[in-house]
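This report concerns only the one structure given below.
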Amino acid sequence: IFCTEDIELAVVTDLRGKLHASVRPEDILISPEPLHSSARNSFGGIITHFVDRGSTFHLKFGEIGKIHFLSY
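Encoded structure:
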(Lines of atoms letter the chains of each structure in order from A and count residues from 1; the text may use other names and numbers.)
(Lines give C-alpha, C1' and ligand atoms only; values in the text may rest on other atoms or scores of the structure.)
Protein backbone atom coordinates (compact mmCIF):
# COMPACT_ATOMS: atom_id res chain seq x y z
CA ILE A 1 0.00 0.00 0.00
CA PHE A 2 1.30 3.47 -0.96
CA CYS A 3 -0.04 5.90 1.67
CA THR A 4 -0.26 9.68 1.88
CA GLU A 5 -2.15 11.78 4.39
CA ASP A 6 -5.21 11.68 2.10
CA ILE A 7 -5.22 8.54 -0.06
CA GLU A 8 -4.04 4.95 -0.23
CA LEU A 9 -3.02 3.21 -3.47
CA ALA A 10 -2.75 -0.56 -3.80
CA VAL A 11 0.68 -1.14 -5.39
CA VAL A 12 3.10 -4.00 -6.04
CA THR A 13 6.62 -3.17 -4.80
CA ASP A 14 9.19 -4.14 -2.21
CA LEU A 15 10.40 -0.53 -1.91
CA ARG A 16 10.04 1.28 1.42
CA GLY A 17 10.59 4.83 2.64
CA LYS A 18 9.84 8.16 0.99
CA LEU A 19 8.56 7.39 -2.52
CA HIS A 20 6.60 8.86 -5.44
CA ALA A 21 3.75 7.11 -7.25
CA SER A 22 2.58 7.35 -10.85
CA VAL A 23 -0.07 5.58 -12.91
CA ARG A 24 0.41 4.82 -16.58
CA PRO A 25 -2.12 6.73 -18.73
CA GLU A 26 -3.40 3.55 -20.39
CA ASP A 27 -4.35 2.25 -16.93
CA ILE A 28 -6.70 5.18 -16.22
CA LEU A 29 -10.43 4.77 -16.81
CA ILE A 30 -12.69 7.83 -16.79
CA SER A 31 -16.46 7.48 -16.44
CA PRO A 32 -19.33 9.93 -15.87
CA GLU A 33 -20.72 7.49 -13.27
CA PRO A 34 -19.06 5.32 -10.60
CA LEU A 35 -17.72 2.09 -12.10
CA HIS A 36 -18.42 -1.29 -10.56
CA SER A 37 -15.24 -3.21 -11.30
CA SER A 38 -12.50 -5.29 -9.73
CA ALA A 39 -10.07 -2.34 -9.92
CA ARG A 40 -8.30 -1.96 -6.58
CA ASN A 41 -7.79 1.81 -6.88
CA SER A 42 -10.76 4.05 -7.57
CA PHE A 43 -11.14 7.79 -6.95
CA GLY A 44 -13.98 10.20 -7.50
CA GLY A 45 -13.23 13.63 -8.86
CA ILE A 46 -14.21 16.43 -11.20
CA ILE A 47 -12.43 17.18 -14.48
CA THR A 48 -11.46 20.86 -14.24
CA HIS A 49 -9.53 21.21 -17.52
CA PHE A 50 -9.82 19.32 -20.81
CA VAL A 51 -7.79 19.72 -24.03
CA ASP A 52 -8.29 17.50 -27.10
CA ARG A 53 -4.89 17.04 -28.75
CA GLY A 54 -5.96 14.77 -31.59
CA SER A 55 -4.83 11.28 -30.59
CA THR A 56 -4.52 12.19 -26.90
CA PHE A 57 -6.32 14.25 -24.26
CA HIS A 58 -4.92 16.47 -21.54
CA LEU A 59 -7.08 16.24 -18.41
CA LYS A 60 -6.73 18.00 -15.08
CA PHE A 61 -8.80 16.89 -12.13
CA GLY A 62 -9.89 18.77 -9.04
CA GLU A 63 -8.11 18.13 -5.78
CA ILE A 64 -8.72 14.84 -3.99
CA GLY A 65 -7.65 15.56 -0.45
CA LYS A 66 -4.37 17.44 -0.93
CA ILE A 67 -3.41 15.43 -4.01
CA HIS A 68 -3.62 16.95 -7.51
CA PHE A 69 -4.22 14.57 -10.42
CA LEU A 70 -3.14 15.34 -13.97
CA SER A 71 -3.39 13.02 -16.97
CA TYR A 72 -1.77 13.42 -20.41
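29 is the number of the first residue of the sequence shown in the working numbering; add one for each residue after it. Glycine is no exception: its CB is placed at the ideal position from the N, C-alpha and C atoms.
- CA-CA distance, residue 39 to residue 54, rounds to 16 Å.
- Residue 80 sits in a strand when the DSSP states are folded into three classes.
- For residue 88, the enclosing beta strand (DSSP E) covers residues 85 to 89.
- Take residue 59, set aside five residues on each side of it, and no residue of its chain has a beta-carbon closer than 6 Å to its own.
- Beta bridge pairing from DSSP links residue 61 with no other residue.
- Listed as beta-bridge partners of residue 47 by DSSP are no residues whatsoever.
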